[in-house]
Amino acid sequence: MTVFSTRISCFDATWNPTFGCDHVSPGCDNCYAEVIANRFHGGFALRLKPHRLRDAARFKPVQTPEGPRPPIVFVNSMSDLWHADVPDAYLDQVFDAVEAQPHAVFVCLTKRVPRMARYCAARWGGRGVPDHVWLGVSVEGAAQGGRLGHLHRLRREVGPFTALGCLEPLIASPEGMDLSGLDWVICGGESGARARRPDLAWMRWVRDACADAGIPLWFKAWGHWRHNPLWPLAQGRTLKERRLDLVARGLELTGDEQGGATLDGRLHRRHPHAYARRVDMLRRCLVS
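In my numbering, the protein residues as written are 4 to 291.
The following block contains the structure:
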C-alpha cells in the first residue's frame, strides 16, 4: 500500500481514478492539487485514469498493535469524482471496483453535490449505499453550507449511509451552518504559500457544534505555522527551531501536520462510529 500512502492524517491512502478539476467556489482558489498538477505535462485538465481502477484491489488492512483495521482511502485527492466531464458509465466502473473491496473504506468528497446526489440515488436507490462507502461534501464557510442539505435529501432517497462534512480549507465563518445528521466532520485551515488565515473562533465553533451534536471531529491542521495561535509563543530563529520548540514544551502536540494540529491544547482525532463496525467485521472475517 506504500505507493498510495498519504500524509493526510485522517486517511491511510489516496486513490485517483480521475485527475484534474476546475474551480467552483472560493475554497478552490488556492487548490493544492492544481499546484501539484501544473508541474507536469497536461496540467490540471480533467482526464480519466482507467488503468488505476484495478488498484482498488491493492489496499490491504492496516496493522496496528490492537489488530488489523480497514484502510481509509480518500478517493480522488487530485480531482472531483462528480465533475461534469466524468461519464456516468465511468462512475459505474469506479464504484464496481469499490464495491468489490469491502475490506477497505472509500471516502468520496465533492463540491458538485447535486450530481453526486443524482448518481447515488440512481445507483443505490432501493438497495442502500454500501457500508464501506462514505459520502461527503466540502464546505469552506457558511455561505456554502447548503451543500450539506443534499446529504440529508439523499438519505431520504437511499437510506442511511455514513455522511461527512469536510470543512477544509475553512476560509470563512461557519457560524449558523447546520451540521446535524452528519456522522463525521473534518476541519482544518488552508495550506500553501497563499493560504488564507483561519480564525480561532471558527475552529472553536466547529468543535463546539460537533460536541453538542455528538459528531466525531477530526481537526487536521492549521495549514500554516504562522496561522497557528501558538506561533507567537514559539522560540527560535528558523521555522524548524520554532516548530520543535512548541512541541518540546508541550504547547503543540504534533509537529507532523502542516501548521500543527492542536486546538486549545488538544488533538481532536475521532473516526465516525461506523468505522468501529467496519473494524469489528474485518477482524471477525480474518479469524473465521
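Glycine included, each C-beta is placed from N, C-alpha and C at the ideal position.
Just so you know, these numbers come straight off a predicted model, no measurement behind them.
Residue i - containing beta strand (DSSP E), residue span
i           : result
residue 75  : 75-78
residue 139 : 136-141
residue 166 : 166-170
residue 190 : 187-190
residue 221 : 220-222
Where residue i falls: helix, strand or coil (DSSP)
i           : result
residue 66  : strand
residue 110 : strand
residue 247 : helix
residue 39  : helix
residue 85  : coil
residue 294 : Nothing in the structure corresponds to residue 294, since the chain is present only between 4 and 291.
residue 50  : strand
residue 71  : strand
residue 266 : strand
residue 23  : strand
residue 3   : Given that the chain is displayed from residue 4 to residue 291, the structure contains no residue 3 and the question cannot be resolved.
residue 61  : helix
residue 272 : strand
Residue environment, residue i, which counts as buried when at least 16 other CB atoms sit within 10 Å
i           : result
residue 47  : buried
residue 72  : buried
residue 168 : buried
residue 45  : exposed
residue 238 : exposed
residue 22  : buried
residue 271 : buried
residue 41  : exposed
residue 242 : exposed
residue 39  : exposed
residue 15  : buried
residue 183 : exposed
residue 59  : buried
residue 186 : buried
Residue span of the alpha helix (DSSP H) that contains residue i, given as start and end
i           : result
residue 288 : 276-290
residue 98  : 91-102
residue 127 : 116-127
residue 213 : 203-216
residue 157 : 150-161
Integer Cβ distance of residue i from residue j, believed to fall under 8 Å
i           : j           : result
residue 124 : residue 157 : 6 Å
residue 297 : residue 112 : No statement about residue 297 is possible, as the shown extent of the chain runs from 4 to 291 and does not include it.
residue 150 : residue 116 : 5 Å
residue 35  : residue 192 : Residue 35 to residue 192, Cβ: 12 Å. No contact.
residue 75  : residue 108 : 5 Å
residue 170 : residue 189 : 7 Å
residue 82  : residue 49  : 7 Å
residue 55  : residue 90  : With a Cβ gap of about 16 Å, residue 55 and residue 90 do not count as contacting.
residue 143 : residue 29  : 6 Å
residue 92  : residue 165 : About 26 Å separates the two Cβ atoms, so there is no contact after all.
Distance cut-off 7 Å: residue i Cβ against heavy atoms of the ligand FAD
i           : result
residue 214 : In the structure shown, the ligand FAD is absent, as is every other ligand, since no ligand is present at all.
Self-check item: Cβ pair count under 8 Å reaching 3, the stretch 63-71 against the stretch 221-229
Solution: no
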